[in-house]
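For the sequence shown, the numbering used here assigns the number 2 to the initial residue and increments by one for each residue that follows. Virtual Cβ for every residue (Gly too), placed ideally from N, Cα, C. None of the values given here were measured: they were computed from a predicted structure. Report on the following structure.
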Amino acid sequence: MTKPDPRRPRPGSGILRTALRRNIGAMTWGTVLMGMYQAGETAFPIALGLIVEHTMQDRSLGSLALSIAALAVIITTVSLSWRFGMRILQKANTTEAHRWRVRVAACGLQPVARDVDLKSGEVLTIATEDADQTADIIEVVPLLISSLVAVLITAVTLGMASIWLGLLVIVGTVAILSILSVMSKRIGVSTREQQARVARAGAKVADLITGLRPLHGFGGNHAAFLSYRKVSTEAKSQAITVARVNGAYAGAALALNAILAAAVTLAAGWLAFQGQITIGQLVMAVGLAQFIIEPLKLFSEMPKYVMMARASAERMALVLAAPPVMTPGRKRPSACGDLEVDRVRYGSLRKLTFQVTAGEFVAIAAYQPRAAADLAAVLAVNVPPGAYEGVVRVGGQEIADLSIEAVREHMLVNPYDGEIFAGTLRTNIDPSGTSRMVPEAVAASMLTDVVALHREGLDYGVRDRGANLSGGQRQRLSLARALAADSDILVLHDPTTAVDAVTEQLIARNVAELRRGRTTIVITSSPALLDAADRVLVLDDGVITAEDTHRNLLTADGDYRLAVAR
């Protein structure tokens with residue numbers, strides 16, 4: 002896993018500072034209101050002590066009525082300040098978490114991948130749980146300050162009655178926070194490890210779901226189950242460790258706070274017995290001793306939440322601060338549809354060279370599936386230009402000099418395992434809703450029978466990953482999406498492996514007709530698609546070994562005939 006450079010400022014701290022800086026207004030109002038709440042809570046036992054003191058001296062109904070009115074004002078202040086303060090803080094918290102989710106998602110969806118060793122499931126966990134925990138800092142700081150206000154008011158008030166009571170509160174609070182700050186560091190370390198293991202478990206689930214059908218096919222279900230069980234057990238064990246540490250922290254905080262409250266109560270009782278404080282001051286001291294448990298508990302829990310927010314922010318920094326895998330250029334290709342691969346060496350490709358002129362329909366018969374996958378990855382810019390030797394030119398310009406957006410607009414590479422998304426047939430074919438070729442794409446991909454099968458037509462609901470479609474239907478839906486994009490250069494990688502021979506023949510003829518005058522490259526071993534192409538390039542052992550029409554190659558090349566004949 003990529004770690005932040007220790008010589009630079011920690012990116013996690015920068016994320017927290019950014020969150021605090023852009024929510025300063027909401028936090029200020031939240032702090033004021035939550036401070037009023039804590040001050041009102043503190044004022045309640047103080048008011049009770051004063052009421053006892055003056056009522057015993059004056060013994061008048063007027064003083065009693067005034068005291069009751071004062072208590073009503075305090076209670077109203079406590080209720081309203083809490084409601085509006087938490088409303089402001091929780092709104093800011095939710096908004097900030099949404100901002101970070103969007104930023105992490107944007108990094109994951111960028112055309113150029115980030116140089117970070119995280120799987121999609123881990124990025125998903127960072128964009129959800131870590132974003133939420135990082136945004137919690139918006140509530141933590143105001144609550145921390147308001148709790149401090151309550152503790153100071155308590156200490157000052159008790160100090161006015163007796164300097165020893167005030168010092169006892171201050172010294173006790175410092176001791177409690179010192180002990181708990183040491184424990185909170187352990188929580189931060191355990192939380193970081195738990196988040197990492199949960200993210201790995203999520204990534205494993207995503208991988209297994211993606212490969213569920215192949216696993217069923219070759220009987221790998223049990224091995225997959227054991228693999229997931231292992232990472233899941235590790236995540237569970239770490240979660241138990243974190244829960245144990247959190248429990249110890251909460252228990253220690255509660256015990257220490259209770260000890261301090263008991264100490265204040267006993268000290269006040271002793272001072273009252275000695276005649277150093279009055280009965281009213283004793284009532285006030287006992288009430289404050291009971292009250293101080295809540296702000297002290299809240300105050301002592303804040304370091305834990307700060308450490309958790311810090312740990313989550315550092316995990317988000319793994320994505321946000323990671324550099325891109327490549328630095329794309331800024332040029333745009335010319336309007337022509339030329340494609341040139343010049344002496345490319347990558348994976349199983351060995352100085353591969355070929356050229357496709359604008360408007361051609363070229364099929365590439367790859368004898369080795371690995372070579373076909375490597376070529377598709379290079380053309381799709383899934384492999385940075387700096388990671389392979391040689392040059393790929395699109396519209397006369399080297400890919401390394403082009404912006405990724407320009408490459409995507411000019412050339413579309415449709416993988417053999419194109420994803421199907423939850424939605425409808427229409428939204429899968431035309432996600433942006435701007436294509437004018439949806440009917441033609443549906444007809445060319447022979448998806449018409451799927452549309453006709455359901456009365457909703459193109460608005461028929463599709464489940465995530467096309468779970469309610471057959472393999473052939475998913476493949477034709479992916480092909481329809483590629484055709485509807487109507488790009489200048491279209492590269493199809495094995496677009497008909499899951500359809501029957503008759504449908505494949507019709508698709509080959511339809512694609513050739515629909516793409517007439519547009520550059521089309523099909524990496525395939527399908528005889529129907531090879532026959533529909535203007536020419537066929539034979540890719541064997543990483544290089545082009547032959548070039549001709551499909552029928553001529555069938556006649557003259559025995560190896561070709563064995564490789565593609567069905």
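Buried/exposed call for residue i, threshold 16 Cβ in 10 Å
{"i": "Trp271", "result": "exposed"}
{"i": "Gly396", "result": "buried"}
{"i": "Gly559", "result": "exposed"}
{"i": "Ala388", "result": "exposed"}
{"i": "Ala273", "result": "buried"}
{"i": "His411", "result": "buried"}
{"i": "Ser488", "result": "buried"}
{"i": "Val103", "result": "exposed"}
{"i": "Gly31", "result": "buried"}
{"i": "Arg456", "result": "exposed"}
{"i": "Asp460", "result": "exposed"}
{"i": "Leu289", "result": "buried"}
{"i": "Pro386", "result": "buried"}
{"i": "Val307", "result": "buried"}
{"i": "Pro7", "result": "Note on Pro7: pLDDT 42, under 50, position unreliable in the model; no value is reported."}
{"i": "Leu530", "result": "buried"}
Bridge partners - residue i, DSSP secondary structure assignment
{"i": "Leu538", "result": "Ile365, Glu548"}
{"i": "Gly462", "result": "Thr425"}
{"i": "Asn415", "result": "Leu493"}
{"i": "Val392", "result": "Asp343"}
{"i": "Ile524", "result": "Ile365, His494"}
{"i": "Val357", "result": "Leu340"}
{"i": "Leu305", "result": "Note that residue 305 is Lys in the sequence shown, not Leu. Looking at the DSSP assignment, Lys305 forms no beta bridge with any residue, so it has no partner."}
{"i": "Glu505", "result": "Partner(s): none; Glu505 has no beta bridge."}
{"i": "Gln474", "result": "Looking at the DSSP assignment, Gln474 forms no beta bridge with any residue, so it has no partner."}
{"i": "Glu399", "result": "Arg394"}
{"i": "Leu350", "result": "Tyr347"}
Length of the line joining the Cα atoms of residue i and residue j
{"i": "Ala253", "j": "Thr95", "result": "30 Å"}
{"i": "Arg394", "j": "Leu563", "result": "33 Å"}
{"i": "Pro5", "j": "Ile430", "result": "Low confidence applies to Pro5: its pLDDT is 41, below 50, so where it sits in the model is not reliable enough to give any reading."}
{"i": "Thr266", "j": "Leu166", "result": "9 Å"}
{"i": "Thr3", "j": "Val105", "result": "With a pLDDT of 40 at Thr3, under the threshold of 50, the modelled position of that residue is not reliable, and no figure is offered here."}
{"i": "Tyr417", "j": "Asp465", "result": "18 Å"}
{"i": "Arg9", "j": "Gly15", "result": "Low per-residue confidence applies at Arg9: pLDDT is 42, beneath 50, and the placement is therefore not dependable enough to give any value."}
{"i": "Val284", "j": "Gln291", "result": "11 Å"}
{"i": "Val408", "j": "Arg333", "result": "8 Å"}
{"i": "Leu554", "j": "Thr504", "result": "24 Å"}
{"i": "Ala423", "j": "Glu399", "result": "36 Å"}
{"i": "Ser82", "j": "Ala44", "result": "14 Å"}
{"i": "Arg500", "j": "Asp131", "result": "What sits at residue 500 in the sequence shown is Val, not Arg. Answer to the nearest angstrom: the Cα atoms are 43 Å apart."}
{"i": "Glu42", "j": "Thr29", "result": "20 Å"}
{"i": "Leu169", "j": "Ala151", "result": "15 Å"}
{"i": "Ala1", "j": "Ala40", "result": "An answer regarding residue 1 cannot be provided, because it is not within the stretch 2 to 567 covered by the chain."}
{"i": "Ala251", "j": "Ile138", "result": "19 Å"}
{"i": "Val33", "j": "Ile278", "result": "33 Å"}
{"i": "Met447", "j": "Ala481", "result": "8 Å"}
{"i": "Ala98", "j": "Ala244", "result": "24 Å"}
{"i": "Met309", "j": "Leu227", "result": "31 Å"}
{"i": "Val392", "j": "Gly330", "result": "14 Å"}
{"i": "Val74", "j": "Gln282", "result": "21 Å"}
{"i": "Glu406", "j": "Val492", "result": "17 Å"}
{"i": "Ser233", "j": "Asn247", "result": "21 Å"}
{"i": "Phe362", "j": "Arg477", "result": "19 Å"}
{"i": "Ile180", "j": "Val142", "result": "20 Å"}
{"i": "Val124", "j": "Gln239", "result": "20 Å"}
{"i": "Ala444", "j": "Asp495", "result": "19 Å"}
8 Å contact criterion, which residue i and residue j should meet: CB distance rounded
{"i": "Leu470", "j": "Ala442", "result": "Leu470 to Ala442, Cβ: 16 Å. No contact."}
{"i": "Asn258", "j": "Ile280", "result": "So it is not a contact: roughly 26 Å between Cβ atoms."}
{"i": "Phe375", "j": "Gly348", "result": "The sequence shown places Asp at residue 375, not Phe. That belief holds up - the Cβ atoms of Asp375 and Gly348 are roughly 4 Å apart, short of 8 Å."}
{"i": "Leu144", "j": "Met303", "result": "7 Å"}
{"i": "Thr425", "j": "Val463", "result": "6 Å"}
{"i": "Leu297", "j": "Leu321", "result": "So it is not a contact: roughly 36 Å between Cβ atoms."}
{"i": "Ala27", "j": "Leu90", "result": "7 Å"}
{"i": "Leu340", "j": "Ile522", "result": "7 Å"}
{"i": "Ala513", "j": "Ser436", "result": "In fact, because the Cβ distance is near 20 Å, the residues do not count as touching under 8 Å."}
{"i": "Ile508", "j": "Thr525", "result": "Not a contact, Cβ separation roughly 11 Å."}
{"i": "Val414", "j": "Ala359", "result": "Incorrect: roughly 17 Å between the Cβ atoms, too far for contact."}
{"i": "Ser148", "j": "Leu299", "result": "5 Å"}
{"i": "Leu319", "j": "Leu119", "result": "6 Å"}
Residue i CB to nearest heavy atom of the ligand PLP below 7 Å
{"i": "Ala176", "result": "As presented, the structure is devoid of all ligands, the ligand PLP included, so that no description of it is given."}
* Does the stretch 533-551 come close enough to the stretch 356-375 to have 3 or more Cβ pairs within less than 8 Å? -> yes
* Asked: Do the stretch 451-461 and the stretch 380-387 touch if we need at least three Cβ pairs shorter than 8 Å?
  -> no
* Answer yes if the stretch 306-316 comes into contact with the stretch 146-166, meaning at least three C-beta pairs across the two stretches below 8 Å, and no otherwise. => no
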